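Engineer:
Number of protein chains: 2
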Amino acid sequence: MVEAILDAAARILEEGGIGALGTNAVAQRAGVSIGSLYQYFASRDSILAELIRIDHARLLAELQQAAAKAGGRSLAESVRLLVEVGVSHQLERPELARALDYVEPTLSLDDETVAIERAINGIVLTLLKASVPSLRGRALEVAAADVAALSHGMIDAAGRRGETDRRALVERVSRAVTGYLSPVD
Amino acid sequence: MVEAILDAAARILEEGGIGALGTNAVAQRAGVSIGSLYQYFASRDSILAELIRIDHARLLAELQQAAAKAGGRSLAESVRLLVEVGVSHQLERPELARALDYVEPTLSLDDETVAIERAINGIVLTLLKASVPSLRGRALEVAAADVAALSHGMIDAAGRRGETDRRALVERVSRAVTGYLSPVD
DNA sequence: GTCTATACGCGGATAGAC
DNA sequence: GTCTATCCGCGTATAGAC
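Protein chains in written order, with the numbering used here: chain A, 21 to 205; chain B, 21 to 205.
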C-alpha cells in the first residue's frame, strides 16, 4: 500500500512535475481512495519527504559500495567509480531526480534524511582528503562542494537533453572533476 | 505599472519560491488591484515568461560585451571574462535566478526568448570553436553544453550556500572549465 | 481499513461599478 | 483604466458509512 502510493507519486512527479503532484492524483494513480492515502501519509509533503529519504538512502548505499571498492586506488580511478554511481542514479529516472532536487530545499526533512545527506557529503570529503592531501579545512569543504555541484550540474543537464550514453558522460564528468582538482595538487 | 508588477513578482519569487507566486500576492505587493494586473498580463504564467525574457536579455547583453572584449585573447582569459559575467549575474539575485531556472522548462516561451537563448549558446560555441580548434560538430556542441552546465551548477550551489566572494568563485569555475577543456586540446 | 461524500480555503480569473 | 466584489474550480484534508 505504502509502496503503491510512493510509486504512483514518483510516476506523477516525473510526468508532470511538482505542480501535478496532488493527493487526489496520487490516490487515483495508486488505485486507492484518498481516505486510505491519509491513513498512511499525514500530508502531501510527507509523501515527498519519504520519496526523498528513500532516494537518498539508495544513493548513499551505492556510493558506500563504490567508495569501498575505490580504497587505495588512484584519484582518477576513485573519481570514476563515484561518478559512475552518480550518473547511473540520475539517469535512471532523470525527471524524478530533478523534481526531487528542486523541492528538497523547500521541505523540512526528518533527521534520518539529514543524516544521510551528511554521510554522502562525508564520502566525497574522505576521498578528497585521502587523494589530495594539500586540501585541508575550509578549502577541502569548498572543493567537495564544488566537485559535487559541477558533477550534478553536468549530469542533470545531460539527463534533460535525453542523453543516454552513460559511459561517455562518466568520462566527461570525471575529466571535469580531475581537471578541477589537478592544479590544486 | 508593468514595471511595478514585474518587480513585485521578482521579490515574491526570491522570498517564497514559485509556490508563493500568486496573482493576488503580486498585485498586493505591487500596490495595484488584481483587476489592473490582468489588464497588463494575460495570466500568471505570462508574468513569469516576461521575467525570464528580461533576465535572459540582460545576461545576453553582458555576455556579448564580454565576448567582444575577449576577442583575440587566450582561452583562459576568455573563459574568465565569460565566467565573471555568469557569476555576477547569478549572485546578484541567487534565489530569483534559481526559481526562474526551475520554472523555465515548464513554460512555453515566446520566440524572442528562444532566440535569446540560442544567442547565448552561440557565444559559448563561438568561443570554443575559436580557442579549441580540435572541437568540431557534435563534440563541440556537447562541450559547450558541458561547460555551461558545470559552470551553472557550481555557481548555483555557491549562491545557495550564500557565498559572496565572487573573485574566488570565478577563479574556481574558470579552473573547472579550463581543466575540462585542456585534455581535449 | 477502506470507501464515498463533502467541508473548507485558496488562487486564478472575470464582471461591472466608478 | 482602475477599482471592488465575486465566480469558479481545484486541491487538501476530514467525517462518517460500510
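Using N, Cα and C, we set each Cβ at its ideal position, and we do this for glycine too. As the structure is a prediction and not an experimental result, all values here were calculated from the model.
According to DSSP, simplified to helix, strand and coil, what is A:A40?
Structural biologist: Here the question's residue 40 of chain A lines up with position 20 in the first sequence. The answer is helix: DSSP assigns A:A40 an H, G or I state.
Engineer: On the CB-based measure, 16 or more other CB atoms within 10 Å of its CB, does B:Q110 come out buried or exposed?
Structural biologist: As a position in the second sequence, residue 110 of chain B is number 90, starting the count at 1. Under this definition B:Q110 is a buried residue.
Engineer: Specify whether the region 116 to 124 of chain B and the region 26 to 33 of chain B touch according to this definition: at least 3 beta carbon pairs, one from each stretch, less than 8 angstroms apart.
Structural biologist: yes
Engineer: What does a CB cutoff of less than 7 angstroms around A:G173 pick up in its chain, not counting 5 residues either side in sequence?
Structural biologist: In the first sequence, the residue the question calls residue 173 of chain A occupies position 153. Once the five neighbours on either side are set aside, A:G173 has no close Cβ partner at all.
Engineer: Could you work out which residue in A:S53, A:S202 and A:R195 is closest to B:L201 when comparing CA atoms only?
Structural biologist: Counting from 1 along the second sequence, the entry for residue 201 of chain B is found at position 181. That would be A:R195, whose Cα lies nearest to the Cα of B:L201.
Engineer: Is A:T184 close to chain B? Criterion is C-beta to C-beta, closer than 8 angstroms.
Structural biologist: The sequence position of residue 184 of chain A within the first sequence is 164, counting from 1. So no, A:T184 is outside the interface.
Engineer: Please decide whether A:S202 counts as near chain B, where near means a Cβ-Cβ distance under 8 angstroms.
Structural biologist: Counting from 1 along the first sequence, the entry for residue 202 of chain A is found at position 182. Yes, A:S202 lies at the interface with chain B (some Cβ there is under 8 angstroms from its Cβ).
Engineer: Rounded to a whole number of angstroms, what is the C-alpha to C-alpha distance between A:G51 and A:E112?
Structural biologist: Working through the first sequence from its first residue, we reach residue 51 of chain A at position 31. Working through the first sequence from its first residue, we reach residue 112 of chain A at position 92. Their Cα atoms are separated by approximately 25 angstroms.
Engineer: Going by the beta-carbon positions, is the gap between A:I67 and A:V46 smaller than 8 angstroms?
Structural biologist: Residue mapping note: residue 67 of chain A aligns to position 47 of the first sequence, counting from 1. Residue mapping note: residue 46 of chain A aligns to position 26 of the first sequence, counting from 1. Yes, the Cβ-Cβ distance between A:I67 and A:V46 is below 8 angstroms.
Engineer: Kindly confirm or deny that the region 75 to 91 of chain B and the region 134 to 141 of chain B touch, where touching means at least three C-beta pairs closer than 8 angstroms.
Structural biologist: yes
Engineer: Hey, how far is the Cα of B:F61 from the Cα of B:L95?
Structural biologist: Reading the second sequence from its first residue, position 41 is the one you call residue 61 of chain B. Reading the second sequence from its first residue, position 75 is the one you call residue 95 of chain B. Each residue's alpha carbon lies about 44 angstroms from the other.
Engineer: Apart from the five residues on each side of it in sequence, which residues of its chain come closer than 8 angstroms, Cβ to Cβ, to A:E214?
Structural biologist: With chain A represented from 21 up to 205, any question about residue 214 of chain A goes unanswered, as that position is not in the structure.
Engineer: Candidates B:V107, B:V144 and B:R187: which alpha carbon is nearest B:A177's?
Structural biologist: As a first step, residue 177 of chain B must be located in the second sequence, where it is residue number 157. Of the candidates B:V107, B:V144 and B:R187, the one whose C-alpha sits nearest the C-alpha of B:A177 is B:V107.
Engineer: Give me the Cα-Cα distance between B:A28 and B:P203, rounded to the nearest whole angstrom.
Structural biologist: As a first step, residue 28 of chain B is located in the second sequence; it is residue number 8 there, counting from the start. As a first step, residue 203 of chain B is located in the second sequence; it is residue number 183 there, counting from the start. Near 47 angstroms, if we compare the C-alpha coordinates of B:P203 and B:A28.
Engineer: Out of B:G37, B:L41 and B:V22, state which residue places its alpha-carbon closest to the alpha-carbon of B:Q59.
Structural biologist: Position 39 of the second sequence, counted from the first residue, corresponds to residue 59 of chain B. The residue with the shortest Cα to Cα distance from B:Q59 is B:V22.
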